[in-house]
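Here is the structure we will look at, set down as structure tokens.
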């Protein structure tokens, strides 16, 4: 067992290759989360607008993207739409996961907005708050609080979805784990190690969200 | 009553579809053999073809896998009885996993071997002709034999990294590597592609005065990578023309052409040591 662990993690600088793959996974996840969240908010705005065309386009976008397996979407974009475009594989991957994340974020924000008590915003407007002030000071904090648990799951899911980028010539953590398993002929042990690394990333995400919740409670107590 | 009957009919249809009226289901006596999945031909097509041509294979049930390591996982878990792999891969595997051995318990009643070739897009006729010329010269001057010894038959540990040609101003050939077939195609611990296939392509690049760029991709996506133009060359396995079990190029995807072979390897079965 110790020989196998040495071959998997240490020999030949294997740990550096694993870290490099981990870096690619984190990079794709972080960029996709950033762009996906911004795009998702915009799509949600269109979805909830009174403009029927905008709302329909947003609804179609959400249903198509959410209904498609992310691997197929990725391969369609990389080997089809963007084939020969000169775009780097990493760029296409970030575009794909941003589009996919945006669809999920749009729906979770929409659900949070619908869960909001409309009376509070109306009361704020009656008290003289402008539309923007009512949204920023009354609606937005509550939307964020309601959306947080589902958003946390979306972040963890996104990190796991990125494991398919090996199909589009990107060497991420999963690809490195697969290569190591093939090279060492120790697939069970290598895959277990890979899974533990992914679990660690997921728990770091949970920890970050828990930290923000603790900070909110501390601020509330001080007030 | 009508509604009740239509629900029953629907359930029976779904049940028939899920269970399958397919004759190709393993019986308890069948030997379950892991094989590498064809990219273009479904496992049922290959299975029926083999059964049609050789009735002695009725006691086997083939389970397809994308790569050697997944086959090994399945073998270890007891899902399959043996795996059918190339001898070079089996030797590499057994050198690292003493718990396994070459097994003859469920050997096929014939010798099977495959040719390893390069594949290019159908319209890349000039590149294909150049690769074939390079391979012929490598065969004639003994380079292929030397590389076979260095990277396969006399390989001690992990193969050394292969230096890719770096020629200023020369065009670049992009080659897909998967890392799934050591010692033919593997990724070293430091992340650099290595192995026999890589060494052959490096030498071809030198003889064609072209740079070689290696692109790592999942095995199942290599045909897509080639036909979409993301790579120029992939490695492909072709059944020898003398073998009457399968038609020539039976697993060759549309829009792809295949070079002359640079290596031929027989198939053996690997099982768990008793």
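Protein chains in written order, with my numbering: chain A, 611 to 833; chain B, 1079 to 1352. We put the beta carbon where it would ideally sit given N, CA and C, even for glycine. This structure is a prediction, so every number in the text was calculated from the model and none was measured.
For a test of the three-state rule: what should DSSP assign to residue i, helix, strand or coil?
{"i": "residue 1281 of chain B", "result": "helix"}
{"i": "residue 1299 of chain B", "result": "helix"}
{"i": "residue 1347 of chain B", "result": "strand"}
{"i": "residue 1204 of chain B", "result": "helix"}
{"i": "residue 797 of chain A", "result": "helix"}
{"i": "residue 1140 of chain B", "result": "strand"}
{"i": "residue 1239 of chain B", "result": "strand"}
{"i": "residue 1058 of chain B", "result": "Residue coverage of chain B in this structure runs from 1079 to 1352, which leaves residue 1058 of chain B outside it and unanswerable."}
{"i": "residue 769 of chain A", "result": "helix"}
{"i": "residue 611 of chain A", "result": "coil"}
{"i": "residue 1073 of chain B", "result": "It is not possible to answer for residue 1073 of chain B, since the shown part of chain B is limited to 1079 through 1352."}
{"i": "residue 1271 of chain B", "result": "strand"}
{"i": "residue 1309 of chain B", "result": "coil"}
{"i": "residue 1245 of chain B", "result": "coil"}
{"i": "residue 1172 of chain B", "result": "helix"}
{"i": "residue 1146 of chain B", "result": "helix"}
{"i": "residue 1162 of chain B", "result": "strand"}
{"i": "residue 1265 of chain B", "result": "strand"}
{"i": "residue 661 of chain A", "result": "coil"}
Is the Cβ of residue i closer than 8 Å to any Cβ of chain B?
{"i": "residue 711 of chain A", "result": "no"}
{"i": "residue 706 of chain A", "result": "no"}
{"i": "residue 758 of chain A", "result": "no"}
{"i": "residue 633 of chain A", "result": "no"}
{"i": "residue 624 of chain A", "result": "yes"}
{"i": "residue 698 of chain A", "result": "no"}
{"i": "residue 794 of chain A", "result": "yes"}
{"i": "residue 805 of chain A", "result": "no"}
{"i": "residue 703 of chain A", "result": "no"}
{"i": "residue 685 of chain A", "result": "yes"}
{"i": "residue 677 of chain A", "result": "no"}
Tell me which same chain residues have a C-beta within less than 7 Å of the C-beta of residue i, skipping the five on either side of it?
{"i": "residue 1230 of chain B", "result": "1166, 1261 and 1274"}
{"i": "residue 1162 of chain B", "result": "1111, 1112, 1113, 1345 and 1347"}
{"i": "residue 1220 of chain B", "result": "none"}
{"i": "residue 1333 of chain B", "result": "1199, 1200 and 1305"}
{"i": "residue 1158 of chain B", "result": "1110, 1111, 1112, 1141 and 1152"}
List the whole-angstrom C-beta distance separating residue i from residue j, where the pair is believed to meet the contact cut-off of C-beta under 8 Å.
{"i": "residue 734 of chain A", "j": "residue 748 of chain A", "result": "5 Å"}
{"i": "residue 763 of chain A", "j": "residue 708 of chain A", "result": "Not confirmed; about 18 Å, so no contact."}
{"i": "residue 1213 of chain B", "j": "residue 1338 of chain B", "result": "5 Å"}
{"i": "residue 805 of chain A", "j": "residue 1150 of chain B", "result": "With a Cβ gap of about 17 Å, residue 805 of chain A and residue 1150 of chain B do not count as contacting."}
{"i": "residue 1283 of chain B", "j": "residue 1216 of chain B", "result": "About 12 Å separates the two Cβ atoms, so there is no contact after all."}
{"i": "residue 1144 of chain B", "j": "residue 1108 of chain B", "result": "Residue 1144 of chain B to residue 1108 of chain B, Cβ: 22 Å. No contact."}
{"i": "residue 1256 of chain B", "j": "residue 1296 of chain B", "result": "7 Å"}
{"i": "residue 653 of chain A", "j": "residue 716 of chain A", "result": "4 Å"}
{"i": "residue 1290 of chain B", "j": "residue 1254 of chain B", "result": "That belief does not hold up - the Cβ atoms of residue 1290 of chain B and residue 1254 of chain B are roughly 12 Å apart, past 8 Å."}
Is residue i close to chain A, meaning its C-beta is less than 8 Å from at least one C-beta of that chain?
{"i": "residue 1260 of chain B", "result": "yes"}
{"i": "residue 1253 of chain B", "result": "no"}
{"i": "residue 1308 of chain B", "result": "yes"}
{"i": "residue 1145 of chain B", "result": "yes"}
{"i": "residue 1150 of chain B", "result": "yes"}
{"i": "residue 1289 of chain B", "result": "no"}
{"i": "residue 1171 of chain B", "result": "yes"}
{"i": "residue 1181 of chain B", "result": "no"}
{"i": "residue 1299 of chain B", "result": "yes"}
{"i": "residue 1174 of chain B", "result": "yes"}
{"i": "residue 1356 of chain B", "result": "With chain B covering only 1079 through 1352, there is no way to say anything about residue 1356 of chain B."}
{"i": "residue 1281 of chain B", "result": "no"}
{"i": "residue 1332 of chain B", "result": "no"}
{"i": "residue 1338 of chain B", "result": "no"}
{"i": "residue 1236 of chain B", "result": "yes"}
Counting only the same chain and skipping the five closest in sequence on each side, list residues whose C-beta sits under 6 Å from that of residue i.
{"i": "residue 786 of chain A", "result": "627, 628 and 631"}
{"i": "residue 1316 of chain B", "result": "1193, 1195 and 1336"}
{"i": "residue 711 of chain A", "result": "642, 646 and 768"}
{"i": "residue 619 of chain A", "result": "625"}
{"i": "residue 1183 of chain B", "result": "none"}
{"i": "residue 687 of chain A", "result": "702 and 706"}
Who are the neighbours of residue i on chain B, taking C-beta pairs under 9 Å?
{"i": "residue 630 of chain A", "result": "1269"}
Can you list the residues of chain A that residue i reaches, using a CB-CB cut of under 8 Å?
{"i": "residue 1303 of chain B", "result": "689 and 779"}
{"i": "residue 1295 of chain B", "result": "776, 777, 778 and 779"}
So does residue i have its beta carbon nearer than 7 Å to some heavy atom of the ligand PLP?
{"i": "residue 722 of chain A", "result": "This structure lacks the ligand PLP, and indeed carries no ligand of any kind."}
Along chain A, in chain order, which residues have C-beta atoms closer than 9 Å to that of residue i?
{"i": "residue 1154 of chain B", "result": "797 and 798"}
{"i": "residue 1264 of chain B", "result": "789, 792 and 793"}
Kindly list, in the order they appear in chain B, the residues whose Cβ is closer than 7 Å to that of residue i.
{"i": "residue 627 of chain A", "result": "1267, 1268 and 1269"}
Leaving out five residues before and five after residue i in sequence, what residues of the same chain have Cβ atoms less than 8 Å from its Cβ?
{"i": "residue 741 of chain A", "result": "735"}
{"i": "residue 1210 of chain B", "result": "1337 and 1338"}
{"i": "residue 700 of chain A", "result": "634, 637, 638 and 780"}
{"i": "residue 816 of chain A", "result": "762 and 766"}
{"i": "residue 1172 of chain B", "result": "1178, 1179, 1180 and 1348"}
{"i": "residue 776 of chain A", "result": "782, 784, 785 and 788"}
{"i": "residue 1170 of chain B", "result": "1233, 1260 and 1261"}
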